[in-house]
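Taking it in order: structure first as structure tokens, then the write-up.
Protein chains: 2
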Amino acid sequence: MSPKCCPAPPPIDPAADPDETLARLAKALAHPARVKILRFLLEREDCMAGGIVQELPLAQSTVSQHLKVLREAGLIYGEVDGTRICYCADRERIEQLGALLTGLTTLSYA
Amino acid sequence: MSPKCCPAPPPIDPAADPDETLARLAKALAHPARVKILRFLLEREDCMAGGIVQELPLAQSTVSQHLKVLREAGLIYGEVDGTRICYCADRERIEQLGALLTGLTTLSYA
DNA sequence: ATCGTATATCGATGAAATACGATAATGATG
DNA sequence: CATCATTATCGTATTTCATCGATATACGAT
Numbered sequence: 004m005s006p007k008c009c010p011a012p013p014p015i016d017p018a019a020d021p022d023e024t025l026a027r028l029a030k031a032l033a034h035p036a037r038v039k040i041l042r043f044l045l046e047r048e049d050c051m052a053g054g055i056v057q058e059l060p061l062a063q064s065t066v067s068q069h070l071k072v073l074r075e076a077g078l079i080y081g082e083v084d085g086t087r088i089c090y091c092a093d094r095e096r097i098e099q100l101g102a103l104l105t106g107l108t109t110l111s112y113a
Numbered sequence: 004m005s006p007k008c009c010p011a012p013p014p015i016d017p018a019a020d021p022d023e024t025l026a027r028l029a030k031a032l033a034h035p036a037r038v039k040i041l042r043f044l045l046e047r048e049d050c051m052a053g054g055i056v057q058e059l060p061l062a063q064s065t066v067s068q069h070l071k072v073l074r075e076a077g078l079i080y081g082e083v084d085g086t087r088i089c090y091c092a093d094r095e096r097i098e099q100l101g102a103l104l105t106g107l108t109t110l111s112y113a
């Protein structure tokens, strides 16, 4: 499931406030470029990421910034090996976002 | 299903770019106060909203601003009747966000 | 050791978000 | 009609975001 080139993703903190967590994850997705980056990473199972810059009409430094935001939110993880990066989308984290959303909508029916 | 005090929610535009839409909706949720507001509205099926200000440690004008953001993103809808507001959470829109998320993660398995 | 490539970080800048108080608008109430 | 209660809007200060170019860093190849 999880590709070889990346270390294990950090665990999800169950004690965190759901509203804060939801807002935090949503914020990381709150930019089209970051959604596209995430989609790009999700599309290739081997999580090779060299070439993200070419996919977007943005400067390299800007893309790097967006990657940082995604990384800090835990939506992607990985490592940089000198000249090569190996980022992976953390599906579990994305599913956590989905679960938080579902938890929101099913509240009143519980 | 949809409460009486609110008009019909605006329809969802199917032609919009999914990444833009996802980012737009996520952005509206990218603040804890707005998540709390949404949760508050989802909790009461009758969508009465008088009292949101009391739920949050924020000035009334700030809450109004957050409501505006949610409204413009289509996550809530409703009308103001002078001294009384009647906002409803748009469950369909929230589910659209969930669907866009799912569409993202299931991409490579399609 | 030098060059080339790929990524991250820094610094600056303009745009947008967040917050508040003050004010306006609108209905309800006396 | 005057007043109260509730919400929206305006003006403004502060912070955060987005973007870029320039520079730093790390590795591979020559």
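Respectively, the protein sequence lines represent chains X and H. Counting from 1, position 107 in the first sequence corresponds to residue 110 in my numbering; the numbering is continuous, with no gaps. Counting from 1, position 97 in the second sequence corresponds to residue 100 in my numbering; the numbering is continuous, with no gaps. Even for Gly, the Cβ is constructed at its ideal location relative to N, Cα and C. Bear in mind that the values here come from a model prediction, so they are computed numbers and not experimental data.
Of the residues D93/H, G106/H and D22/H, the one whose Cα lies closest to the Cα of I40/H is D93/H.
Shortest Cα-Cα distance from Y90/H to any of L28/H, L103/H, T24/H and L45/H involves L45/H. Looking at R27/H, P14/H and P12/H, the one whose alpha-carbon comes closest to that of L103/H is R27/H. Every alpha helix (DSSP H) of 4 residues or more that sits fully in the stretch 17-52 of chain X is shown, in chain order, as 21-31 and 35-46. The C-beta distance from A31/H to L59/H rounds to 16 Å, too long to fall under 8 Å, and the pair is not in contact. Using a CB distance cut-off of 8 Å, P60/X does not count as an interface residue toward chain H.
Residue burial annotation: A76/X is buried, with at least 16 other C-beta atoms found within 10 angstroms of its C-beta. Short of 7 Å from the beta carbon of S67/H, and not among the five residues preceding or following it, lies no beta carbon of its own chain.
Judged by DSSP secondary structure, A92/X falls within the beta strand (DSSP E) whose first and last residues are R87 to A92. C-alpha of L78/X to C-alpha of K71/X: approximately 10 Å in a straight line. When DSSP reads this structure, V66/H sits in no beta bridge, so it has no partner. The DSSP-derived three-state label of I79/H is strand. Bounds of the alpha helix (DSSP H) holding I55/X are I55 to E58. Relative to T24/X, the option among A33/H, R47/H and A19/H whose CA is nearest is A33/H. Within chain X, the residues placing a beta-carbon under 8 Å from that of D22/H are P35, V38, K39 and R42, ordered along the chain.
The distance from the Cβ of G54/H to that of R87/H is about 11 Å, inconsistent with a contact at the 8 Å cut-off. It is roughly 30 Å from the alpha-carbon of A29/H to the alpha-carbon of G85/H. If you draw a straight line from the Cα of Q57/H to the Cα of P14/H, it is about 31 Å long.
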